[in-house]
Every structure is written in C-alpha cells, then in structure tokens.
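K.L.:
Protein chains in written order, with our numbering: chain A, 75 to 741; chain B, 75 to 741.
Take a look at this one; I'll ask things after.
Below you can see the structure in the form of structure tokens.
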C-alpha cells in the first residue's frame with residue numbers, strides 16, 4: 075500500500091464526514107476529520123469483521139464512544155461494505171434515515187452500541203471485553219478458539235472526564251482485560267474551548283495507575299499508529315490506551331484546533347478550502363475515489379474468509395461438544411435454553427417470612443445451573459443484594475469463567491458494563507445495588523431501555539422501610555423516576571412467590587431491561603401453592619383478595635404495602651366494608667394488558683380506590699382515580715427502626731382502614 | 075500532651091462509636107475505630123472551629139465523606155463541645171434523635187453536609203474549597219483575611235471508587251485548590267470483602283496524575299499524622315491527599331480487618347473484648363474519662379478565641395469596607411442584596427422570538443452586577459446553556475475571583491460542587507447542562523433537595539425538539555423524573571418573560587434547589603408588557619388566554635407546548651369552541667397554592683381537559699383528570715429536524731385541536 079493511497083483513503087473518510095455534516099447543516103465534523111487516519115489504520119489493517127454479517131459472534135467489537143463523531147463511523151461502514159448505501163450518508167440526521175445524529179444500535183448495521191452520552195461507550199467496551207473473556211474461558215477448548223476477539227474504541231477528552239470512565243477503567247485494569255484497545259482522540263478541544271481550561275490531568279499516568287498499558291502516538295503517523303496497535307495486541311495482561319495526539323478538524327485552514335469545529339458544520343466556504351488543501355475537488359460532494367473504495371472493500375472478502383474459517387472451527391466444535399455448541403446457538407438467537415424455568419423454586423407460607431431480596435437470591439442460585447451464562451454481581455453490596463451465585467467463582471484474572479462480578483462501589487460503570495455484556499451477546503447479565511443508588515446508574519439504564527437490551531437490575535432495600543440508615547439510603551422518588559423511563563419494566567413483588575414470577579418475566583423479556591425492586595425486610599409468603607404466574611405477576615396486577623360481591627373499595631398496592639392492605643382489609647371487613655385487594659407489582663405490564671383485563675381488576679364502577687405505596691404519589695392518580703386517594707410519601711424519610719417509621723408515616727393497617735373509611739364517607 | 079493521654083482520647087472516640095452502634099444494634103463501627111487516631115489529631119491539633127458557633131463563616135470545613143462512619147463525627151462533636159448531648163449519642167439511629175444513621179446537615183450542629191451516598195462528600199469539599207478561594211479573592215484585603223480556612227475530609231475506598239471522586243479530584247487538581255486536605259481511610263475493606271477483589275488501582279499515583287500532593291502515613295502514628303497534615307498545609311498550590319494506612323475495626327480482636335465490621339455491630343462480647351484490649355472497663359458504656367474530655371473541650375475556648383480574633387478583623391474590615399462587609403452579612407443570613415430584582419430584564423414580542431435558554435443568559439448577565447457572588451458555569455456546554463457571565467473572568471489558578479466555572483464534562487461533580495458552594499455560604503451557585511444529562515447528576519440534586527440548598531440548575535435543550543442530535547440527547551422522562559424529587563422545584567417557562575420570572579422565583583427560593591428547564595429553539599414572547607410574576611409564573615400555573623364565558627375545554631401546557639396550545643385555540647375558536655389556555659410552568663409551585671387559586675385556574679366543572687407536554691405523560695392525569703387526555707411522548711425520540719418531529723409526533727396545532735374536539739365528542 076502506498077502512502078499516497080493511504081492518504082487518499084483517509085481523505086475519503088475525512089471528506090465524507092465533512093460533506094455529511096454540511097449537508098445536514100448540523101453535526102460534529104471536527105472529530106472524524108481529526109481521527110480519520112487512526113480509524114483508517116484500525117479498520118483496514120486490524121479490525122476483524124464481516125460487513126456481510128454484522129452479527130458474527132467472534133467479530134472484533136468497535137465502539138465509537140465519542141458518538142458525536144458519528145459520520146466517522148457511517149463513513150467507515152459504508153466504505154467497508156456494510157448495508158449502508160451512500161444515499162443514507164446524504165440523509166444524515168434526517169427523519170427515518172439510518173444515519174442519526176448519534177450512532178444507534180439496531181438502526182444501523184455495524185453499530186455495536188448507541189453512544190453520545192459521554193463515557194458510556196468506554197464502559198460498554200469493558201463489558202464487551204469481559205463477555206469475551208468469560209465466554210472464552212467457559213466455552214473455548216484446545217484448538218477451538220470460538221471466542222477470541224478484541225474490543226476497540228475511540229474515546230475522547232469528554233469520555234475521560236466523565237466519572238464512568240474512571241470507574242470502568244479502574245475495573246478493567248484490575249481485571250486485566252488485555253484485549254481492550256482504546257484509541258484516545260487527544261485533540262485538547264471540547265465545546266467550551268481548549269481543555270486547558272478544565273482538563274489538565276496527566277491522562278497517561280492516570281491510566282498507568284489503573285494498571286493499563288499506555289502508549290502515545292502522532293495521530294497522523296500511519297506507521298506509528300499501526301505499530302502502537304500491534305504492541306497493544308501483544309500486551310495481553312493489561313488493557314491498552316493509545317493516546318493519539320490529534321487535531322480537531324485536521325486539514326481545515328481556519329477551523330482546525332478550534333472549538334468551533336466541534337459541534338457545528340464547517341460552512342460551505344471552509345469545506346471548499348479544506349478539500350482544496352487535501353487535493354480534493356472542491357466541487358465534489360460525497361466523492362469516493364475508486365482506488366480508495368477498492369482498498370476499503372477488501373473488508374468484504376477478508377471478512378467472509380475470516381468468518382468462514384471461524385465457522386469451520388465452530389462446526390468441528392459442534393461435533394466434539396454438541397451440548398455447548400447448541401447452547402451457544404440458542405443464546406446467539408437471543409433465546410433461553412429450553413426448560414430453564416423448570417428450575418424456578420416455589421415458596422409457601424410454611425417457609426416463614428422471607429425478604430424478597432432473599433427470595434431473589436434463592437431464585438438466582440436455583441436458576442444458575444439451568445442458565446450457564448447467567449452472570450452478574452453487585453456494586454459492593456452482594457451480601458445485601460443477595461446477588462452471589464454460591465456455586466460459582468469470582469470473575470478475576472485467572473478465573474475468567476467465574477460468574478460473580480465484583481463491580482466495586484461503581485454503580486454507573488456497572489450499569490454501562492451490563493449493557494456491554496448484553497450487547498456482546500451470549501451472556502445473561504444482572505447487577506445489583508440499593509434502589510436509592512439507581513440514581514447513580516440512570517444514564518446506562520436509559521440506554522439499555524433505548525437499545526432494548528435484556529439486562530436485569532436487582533435493586534434491593536426498596537423503600538423507607540430500610541429504617542436506620544436514614545433518608546440518604548431510603549428511596550422515595552426512585553420508583554416513579556424509573557417508571558418514567560420508556561421501555562424499562564419495573565417490578566416490585568409482594569412476596570417470594572411474586573419474586574420468582576418477576577425473575578421469570580425479567581428473563582423472558584428479550585427486548586428491554588427489567589428492574590426488580592426488592593425488600594430488605596421479611597414478608598410473609600402469600601399463597602399456599604403457586605398461582606400461575608401467567609395469570610398473576612405476568613399481567614402486572616391481579617386480584618389478590620376479593621369480596622364476595624362488588625367491592626365497596628379497592629386497595630391497590632405494590633410490594634410490602636400489599637401486606638398492609640391485606641391487614642386493612644381484615645379491619646374493614648369487621649366494619650362490614652367489602653374490600654378488594656389488588657397487588658400491582660408492575661405498572662408497565664399492567665398498562666400493556668387489554669382494557670378488558672384491566673377493567674376486570676379495577677372495575678370502573680368502583681371509584682372508592684386507595685393506592686398504597688411507600689414512595690412519591692406521582693402517577694398513582696391514574697389508578698386511584700379522581701374519587702380515590704393515594705397513601706404515599708411525598709417527602710424524604712428519616713433514620714429510625716422501620717416499624718417506628720411505619721407508625722409515624724401512616725403505613726399501618728389502622729391508618730389505611732381509616733383512610734378507606736374516609737373515602738367511603740364513613741368517618 | 076503525653077502519648078498516654080493521646081491514646082486515652084483516641085480510645086474514647088473509639089469506644090463511643092462502638093457503644094453507639096451496639097446500642098442501636100445497627101450501624102458501622104469499623105470505620106470510626108479505624109480512623110479514631112487520625113480524626114483525633116485533626117480535630118485537636120488543626121481544626122479551626124468554634125463549637126459554640128457552628129455557623130462561623132471562616133471555620134475550617136470538615137466533611138465526613140464516608141458518612142456511614144457517622145458515630146465518629148457524633149463522638150467528635152459531643153466531645154469538643156457542640157450542642158449534642160451524650161444522650162443523643164445513646165439515641166443513635168432512633169426516631170427524632172439528632173444522631174441519624176448518616177450525618178444530616180441541618181439536623182445536627184456541626185455537620186457540614188449530608189453524606190452517605192459515596193463520593194458526594196469528596197466533591198462537596200471541592201465546592202467548599204472553591205467558595206473559600208473565590209470569596210477570599212473577592213473580599214479579602216491586605217491585612218483582612220476574612221476568608222482563610224481549610225477544607226478537610228475523611229474519604230474512603232468507596233468514595234474513591236465512585237466516578238464523582240474522579241471528576242471532582244481532576245477538577246480540584248486543575249484548579250490548584252491547595253487548601254483541600256483529604257485523609258484517605260485506606261483500610262482495604264469494603265462490604266464485599268477485601269478491596270483486592272475489585273480495587274487494586276494505584277491511588278497515590280492516580281491522584282498525582284490529577285495534580286495532587288500525596289503523602290502516605292500509618293493511621294496509628296500520631297506524630298506522623300500530624301507531620302503529614304502540617305506538610306499538607308504548607309503545600310498551597312495543590313490539593314493534598316494523605317493516604318492513611320488503617321485497619322477497619324482497629325483494636326477488635328476478632329473483627330479487625332474484616333468486612334464483618336463494616337456494616338454491623340461488633341456484638342456485645344466483641345465489644346467487651348475490644349474494650350479490655352484497649353484498657354477500658356468492659357462494663358463501661360459511653361464512658362468518657364475526665365482527662366480526655368478536658369483535652370477535647372479545649373476546643374471551646376480555642377474556638378471562642380479564634381472567632382473573636384476573626385471578629386475583630388471583620389469589625390475593622392467593616393469600618394474600611396462597609397459595602398463589602400454589609401453584603402457579606404446579608405449573604406451569610408441567606409438573604410439576597412436588597413433591590414437585586416430591579417436588575418431583571420423585561421422582554422416584549424417586539425424583541426422577536428427568543429429561545430428561553432437565551433433569555434436565561436440575558437437574565438443571568440443582567441443580574442450579575444446586582445449579585446456579586448452569583449457564580450457558576452456549565453459541564454462543557456456554556457455556549458449552548460448560555461451560562462457565561464460575559465463581564466467576568468474564568469475561575470482559574472491566579473484568577474480565583476472569576477465567576478465563570480469551567481466544570482468540564484463532569485455533570486456529576488458539578489452537581490456535588492454546587493452543593494459544596496451552597497453549603498459553604500456566601501455565594502449563589504448555578505450550573506448548567508442539557509436536560510437529558512440531568513440523569514448524570516441526580517445524586518447531588520437529590521441531596522440538594524434533602525439539604526434544602528439554594529442551588530439553581532440551568533437545564534437547556536429541554537425536549538425532543540432539539541431535533542437532529544437524536545434520542546440520546548432528547549429528554550423524554552427527565553421532567554417527570556425530576557418532578558418526582560421531593561423539595562426540588564422544576565420550572566419550564568414558556569417564553570422569555572416567564573424565564574425572567576423563573577429566575578426570580580429560583581433565586582428567592584432559599585430553602586431548596588430549583589431546576590430551570592429551557593428550550594434550544596426560539597419562542598415568541600407572550601406579553602407586550604410584563605405581567606406581575608407574583609400573579610403568573612410565581613403561582614406555578616395561570617390563565618394565559620381565556621374564553622369569554624366558561625370554557626368548553628382547557629388546554630394545559632408547559633414551555634414550548636404553550637405556543638402550540640395557543641395556536642390550537644385559534645383553530646378551535648374558528649369552530650366555535652371556547653378554549654382556555656393554562657400555562658403551567660411548575661407543578662410543585664402550583665400544587666402549593668390554595669385550592670381556591672387552583673380551582674380558579676382549573677375549574678372543577680370543566681372536565682374536558684387536554685394536557686400537552688413533550689415528555690412522558692406520567693403524572694399529568696392529576697391535572698387532566700379522568701375525562702381528559704394527555705398529549706405526550708411515552709417513547710424515545712428520533713434524529714431529525716425538530717419541525718419534522720413535531721409533525722410526526724403530533725405536536726401541531728392541528729393535531730391538538732383534533733384531540734380537543736375528540737374530547738368534546740365533536741369528531
């Protein structure tokens with residue numbers, strides 16, 4: 075390959091990005107222009123991928139963590155032969171195009187993850203690399219390297235400023251994820267100007283302190299970049315950061331090295347001048363020289379060959395290890411192994427009261443043998459969240475088949491790494507923390523919902539009833555705030571049986587994340603024998619206890635408050651009030667039921683309705699209705715034993731019965 | 075001071091903490107036991123404070139970032155003579171005590187900030203130190219060191235794992251906040267066990283990479299600790315981290331260095347054994363030797379003298395600089411300078427359409443001269459958030475009177491630093507980012523609400539109408555999620571005039587944070603002359619345009635959707651439908667109005683109500699009612715020009731009018 079042809083190829087990327095942004099009159103041209111050389115070297119000399127099959131399990135993963143530079147990725151995908159016609163690049167940022175402002179997984183073939191919110195892609199890559207190591211340790215056999223790929227990313231100043239990058243980098247270094255190779259676009263420009271105004275830390279030494287292998291290169295020295303990536307591949311014990319000293323909007327006579335090139339088009343005149351400087355025709359738009367295209371399109375044949383070779387290995391693996399191969403194929407389709415749910419445990423009142431977090435732990439451990447790639451952990455709260463798989467090892471250097479992930483006190487990275495695990499495929503990830511600390515991980519929860527990833531969150535200590543730890547640890551608004559996220563299903567089970575059902579629903583859900591909201595305190599088991607979850611928990615809400623005729627009042631509750639409602643029902647029965655108790659573990663699931671079912675649970679003619687939940691009342695009016703009422707907590711909690719708090723905050727059977735009588739005009 | 079007396083004092087702290095946790099049968103004894111020596115040295119040999127006046131402006135700030143070790147702080151506060159009787163220590167974690175599970179600012183004298191959620195205290199301290207430098211540069215004069223104090227903190231492994239500590243540390247190093255002295259409790263234990271399982275980064279070199287001054291000491295070498303703190307004081311250009319090699323539950327024969335001592339009482343037997351080992355009577359509970367108390371209580375006289383000396387300086391300062399002294403005294407009471415709101419600008423339709431983010435920038439710049447300690451910035455989005463004070467400098471090393479804070483892409487630290495600024499007092503802090511990235515800063519927003527801090531958030535790009543940047547940048551659920559936080563007031567103004575009113579409300583609010591939710595796109599100005607904000611924006615919702623008689627239908631909207639409602643009203647008027655348009659910028663404020671006002675705006679007899687907001691519908695049913703409807707977005711957005719999105723998503727006057735007619739049964 076001549077240096078001249080290299081430059082032609084690089085400038086093809088550069089000019090496509092400029093043209094895409096200019097045509098949209100919106101976007102970020104500077105980053106693609108600055109990193110075109112680095113991306114070219116990676117994509118043409120290293121990246122193992124098959125443009126014809128973006129789902130090939132053993133492809134290298136490439137993450138554009140600096141998602142605002144999306145035109146870089148779209149250019150590469152088009153040039154290397156993915157199903158992304160040039161026409162789509164011309165429709166950058168337009169309605170119904172496959173080239174949205176930031177890369178969106180699922181919309182554009184070859185986009186591994188949705189990026190844009192900074193730091194997320196960085197941590198997603200850690201999850202992908204972790205999945206690769208886990209699957210390799212779990213499934214590879216001598217001479218059968220089914221899983222053996224790198225995870226690359228381009229990361230930016232902004233990514234490295236975000237706290238999540240710190241969390242994920244520290245963990246990646248600890249775990250020795252040596253197949254991570256991140257290319258840092260060190261252009262020293264962010265939106266407000268030079269990074270001198272706020273970001274002067276010594277990034278290389280920071281990453282060395284995390285245990286990373288760090289190199290520095292000139293972002294326009296093609297051979298130097300190649301050598302650095304090669305050295306990074308040879309380093310297998312430590313993740314690699316390659317600091318690429320780059321210039322934003324490289325090649326633009328007036329915009330290079332300026333913040334003005336970050337988030338706005340260069341302008342027609344500047345585009346012309348830049349093209350001229352690059353030896354490009356200023357009148358050419360979206361121009362791809364044939365020689366350049368030929369270079370890029372070698373990826374098609376190379377990818378076909380690479381995947382075919384791998385496929386041959388996999389076929390021989392199937393012959394030798396049919397069960398493992400079969401399991402993998404099932405998982406790659408996004409399905410679960412047949413019969414897995416037979417392993418779900420049952421509970422009965424005779425087991426005594428059990429906290430739903432404990433029930434969750436029992437379920438997880440019962441399911442572990444049936445779901446060999448179920449893996450997860452907690453952000454340093456495993457003993458509290460009950461997330462430990464007792465028969466498995468920790469995932470650590472040297473024990474990468476371990477299924478217990480030790481995330482540390484890193485909720486944000488945990489969320490983003492769970493996304494990376496799910497994005498990689500082949501594994502079933504879960505992660506836990508206290509419900510109140512879901513606040514620390516909202517950005518990746520939102521992205522899991524947006525990307526429709528089957529991630530399960532184990533959020534325990536689900537209410538003010540955690541007691542003594544006080545308001546900093548007592549969730550109040552978290553349920554409402556999580557329910558607000560589109561495509562996140564939140565389930566707050568009322569007992570161990572509902573918890574088993576909730577896990578079933580969560581794992582069967584393959585097109586979005588599910589949050590399990592679980593108690594610290596013990597709760598009685600509701601049923602002697604399991605009711606059919608398909609008729610109860612899986613419908614979001616159901617009639618738990620009923621009156622013989624039409625009820626006078628509905629008590630609607632979730633989680634631990636269901637038990638308060640049941641007690642209140644007894645008190646009200648003594649006063650001749652006919653009460654129906656509705657257990658409503660999930661708004662989202664209930665709302666998705668047909669109106670006929672919803673009306674059968676909440677009969678429209680019964681307007682005396684009292685909703686009870688230990689959290690903000692926001693949104694409950696929808697179910698309680700205008701003639702109803704909501705017992706909630708529209709204020710922060712307090713530090714005290716939880717039974718004291720239940721008295722003080724009006725969550726006793728007596729207080730609920732009183733409010734019900736008020737509703738009925740009987741007080 | 076003899077070494078023996080030192081040890082007696084230290085063990086007094088240690089045993090008080092053990093006893094407090096044991097009596098509550100809940101809490102974290104290990105941290106106070108491990109860090110008792112360090113805390114003793116700091117509090118008796120360095121900390122400049124006055125137990126009789128916890129509000130003395132020039133006191134050193136002490137932050138217990140590892141808030142779970144609250145008994146350490148309560149012991150110190152009691153011992154040094156704060157208004158915290160021993161009886162309160164015996165009521166640790168009980169209802170209505172002043173010794174809650176985690177320290178709560180406002181509840182316990184001497185507690186500088188509410189901690190427990192890890193990493194927050196670390197970043198709060200950065201805000202406090204920043205406030206000190208700003209106020210010193212702005213108000214000190216030669217020989218008048220009105221502001222001259224240190225900010226100390228005890229930080230834990232958990233604090234340093236959290237991403238927010240990275241963000242705040244990087245910024246503190248960049249800014250050279252040399253009066254920060256943090257003591258790191260490096261006990262190598264977290265809840266899941268040894269930090270070896272997840273946290274093996276090289277913390278000292280990480281902090282050196284941030285530009286910090288780092289020392290390491292034995293946590294039980296009293297002289298070594300003293301020398302290290304002294305050296306840290308002498309280092310004035312860099313923040314200091316003192317790595318204290320400690321042992322959790324130091325002195326406990328069976329629990330020292332175990333995770334079991336982290337979050338659970340030692341147990342009666344272990345407490346007895348530990349006391350015996352410390353030369354304590356195992357039968358003594360909450361025992362304070364007189365000699366030890368005498369040492370600690372010297373703080374009262376020392377504090378009185380220190381404050382009196384400072385007071386003398388301040389009196390002479392007042393004589394020389396009466397205006398500055400008067401301003402400071404006003405600010406210390408939590409009030410704003412008289413007449414400040416006269417500086418609020420007015421807007422009129424003749425100004426042309428103006429984005430509310432731009433109006434906000436105009437307001438900020440107009441207020442800046444009237445509010446000399448108004449300071450803030452953005453998480454690298456100042457040009458978009460319009461947060462820059464044009465007549466001021468950046469706050470940087472050497473220009474610490476600058477009022478423009480460059481937070482970098484660090485939303486989380488920004489939120490926590492804003493809290494630290496407000497906690498310090500004397501300054502009026504604000505911070506901006508895109509509304510969607512409020513998700514990155516929820517933990518400190520929650521704490522600002524809990525601590526009742528007057529912080530203002532400038533959240534711009536407030537809806538899907540940002541357009542091309544696509545779903546990752548389009549807020550959908552953020553309004554609902556923020557409204558769910560108790561004591562956070564959210565205001566989404568509909569034009570420039572409402573924006574000015576919103577700023578007024580936000581700044582006048584002295585007992586909690588306010589989020590301003592502002593558009594990217596331009597909006598017409600609603601009124602020719604300003605209506606009285608006390609009758610409009612300051613009531614949360616008001617009648618913007620009315621019908622002559624009782625309206626047929628109410629259109630209720632916030633922000634940019636108010637304009638769609640107004641256009642729909644015109645269309646409906648053509649069909650003879652009488653429409654009232656209600657602008658509802660703030661649920662929280664409206665809900666706090668008397669029922670008579672609320673009913674005057676939303677007459678109960680008008681049940682045909684249509685709420686319109688570009689976000690999730692959650693919660694709007696409360697205003698729209700059961701016979702009403704909500705036009706919202708219960709799904710993520712898309713990348714396209716915003717006017718296209720308005721068409722596609724049904725936010726046009728035609729679509730709104732159509733839905734209103736449906737409500738009225740006229741379709």
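Just so you know, even glycine gets a beta-carbon here, dropped at the ideal spot from N, CA and C.
Note that the structure is a prediction, hence the values are computed from the model and not measured.
Are the CB atoms of residue 233 of chain A and residue 181 of chain A within a distance shorter than 9 angstroms?
P.N.:
no
K.L.:
Could you list which residues in chain A have their beta carbon closer than 7 angstroms to that of residue 143 of chain B, in chain order?
P.N.:
None at all; the shortest Cβ gap to chain A is about 13 angstroms.
K.L.:
Please list, in chain order, all residues of the same chain as residue 542 of chain B whose beta carbon is under 6 angstroms from its beta carbon, the five residues on each side excluded.
P.N.:
713
K.L.:
How close, in whole Å, do the beta carbons of residue 325 of chain B and residue 88 of chain B come, if the pair is a contact with beta carbons under 8 angstroms?
P.N.:
So it is a contact: roughly 6 angstroms between Cβ atoms.
K.L.:
Would the beta-carbon of residue 479 of chain B fall within 9 angstroms of that of residue 451 of chain B?
P.N.:
yes
K.L.:
According to DSSP, is residue 384 of chain B part of a helix, a strand, or is it coil?
P.N.:
helix
K.L.:
According to DSSP, is residue 319 of chain B helix, strand or coil?
P.N.:
strand
K.L.:
If you follow the alpha helix (DSSP H) that residue 127 of chain A is in, where does it begin and where does it stop?
P.N.:
Careful: residue 127 of chain A lies outside any alpha helix (DSSP H) and carries neither H nor E.
K.L.:
Buried or exposed: residue 327 of chain B, going by 16 or more other Cβ atoms within 10 Å of its Cβ?
P.N.:
exposed
K.L.:
Under three-state DSSP, which class holds residue 470 of chain B?
P.N.:
strand
K.L.:
On a CA-only basis, which of A:591, A:570, A:565, A:592 is nearest residue 579 of chain A? Give me that one, please.
P.N.:
A:565
K.L.:
Return the chain-ordered list of same chain residues with a C-beta closer than 7 angstroms to the C-beta of residue 242 of chain B, the five sequence neighbours on each side being excluded.
P.N.:
196, 197, 200, 487, 490, 491
K.L.:
Could you say if the stretch 619-630 of chain B and the stretch 674-688 of chain B meet the contact criterion of at least three C-beta pairs nearer than 8 angstroms?
P.N.:
yes
K.L.:
Among the residues of its own chain, which have a CB less than 7 angstroms from the CB of residue 344 of chain B, if the five just before and after it don't count?
P.N.:
Excluding sequence neighbours, residue 344 of chain B sits near 326, 328, 329.
K.L.:
Using 8 angstroms as the threshold, is the stretch 451-465 of chain B in touch with the stretch 501-508 of chain B, meaning 3 or more CB pairs across them?
P.N.:
yes
K.L.:
Classify residue 275 of chain B as helix, strand or coil using the three-state DSSP reduction.
P.N.:
coil
K.L.:
Looking only at C-alpha atoms, which of A:558, A:591, A:482 sits nearest to residue 533 of chain A?
P.N.:
The candidate whose alpha carbon is nearest that of residue 533 of chain A is A:591.
K.L.:
In chain C, what lies closer than 8 angstroms to residue 244 of chain B by C-beta?
P.N.:
The chain labelled as chain C is not found among the protein chains of the depicted structure, namely A and B.
K.L.:
Listed in chain order, which residues of the stretch 647-678 of chain A have Cβ atoms closer than 7 angstroms to some Cβ of chain B?
P.N.:
none
K.L.:
Under the DSSP definition of a beta bridge, which residues are partnered with residue 151 of chain B?
P.N.:
Paired residue(s): none; residue 151 of chain B is not in a bridge.
K.L.:
Assess contact between the stretch 269-289 of chain B and the stretch 215-224 of chain B, defined as three or more Cβ pairs (one per stretch) separated by less than 8 angstroms. Is contact present?
P.N.:
no
K.L.:
List the residues of chain B whose Cβ lies closer than 7 angstroms to the Cβ of residue 514 of chain A, in chain order.
P.N.:
517
K.L.:
Which residues in chain B sit within 7 angstroms of residue 555 of chain A, going by Cβ to Cβ distance?
P.N.:
555, 558
K.L.:
Look up residue 655 of chain A in the DSSP assignment and say whether it is helix, strand or coil.
P.N.:
strand
K.L.:
Determine the contact status of residue 743 of chain A and residue 185 of chain A, defining contact as a CB-CB distance below 9 angstroms.
P.N.:
Since the first residue shown for chain A is 75 and the last is 741, residue 743 of chain A is missing from the structure and cannot be characterised.
K.L.:
At a Cβ threshold of 9 angstroms, is residue 168 of chain A touching chain B?
P.N.:
yes
K.L.:
On the premise that residue 730 of chain B lies in contact with residue 669 of chain B, defined as a C-beta separation below 8 angstroms, what is that separation, rounded to the nearest angstrom?
P.N.:
With 8 angstroms as the limit, residue 669 of chain B and residue 730 of chain B do not qualify as a contact, their Cβ atoms being about 28 angstroms apart.
K.L.:
Residues in its own chain within less than 6 angstroms of residue 636 of chain B by CB, not counting five upstream and five downstream?
P.N.:
If we look at residue 636 of chain B and ignore the five residues flanking it on each side, its Cβ neighbours are 568, 657.
K.L.:
Distance check for residue 709 of chain B and residue 696 of chain B, CA to CA, integer angstroms please.
P.N.:
20 angstroms
K.L.:
What does the Cβ neighbour count give for residue 473 of chain A, buried or exposed, with the cut at 16 atoms within 10 Å?
P.N.:
exposed
K.L.:
Terminal residues of the continuous beta strand (DSSP E) containing residue 531 of chain A?
P.N.:
Run containing residue 531 of chain A: 530-534, per the beta strand (DSSP E) assignment.
K.L.:
Give, in chain order, every residue of the stretch 276-297 of chain B whose Cβ lies closer than 9 angstroms to some Cβ of chain A.
P.N.:
276, 277, 278, 279, 280, 281, 282, 283, 284, 285
K.L.:
So, is residue 615 of chain B buried or exposed, given that buried needs 16 or more other C-beta atoms within 10 angstroms?
P.N.:
buried
K.L.:
Taking the alpha helix (DSSP H) that residue 307 of chain A belongs to, which residues open and close that run?
P.N.:
Residue range 296-308 is occupied by the alpha helix (DSSP H) that includes residue 307 of chain A.
K.L.:
Please report whether the beta-carbon of residue 725 of chain B lies at a distance below 9 angstroms from any beta-carbon of chain A.
P.N.:
no
K.L.:
Please name the residue in A:365, A:654, A:734 whose C-alpha comes closest to that of residue 80 of chain A.
P.N.:
Nearest option by C-alpha distance: A:365.
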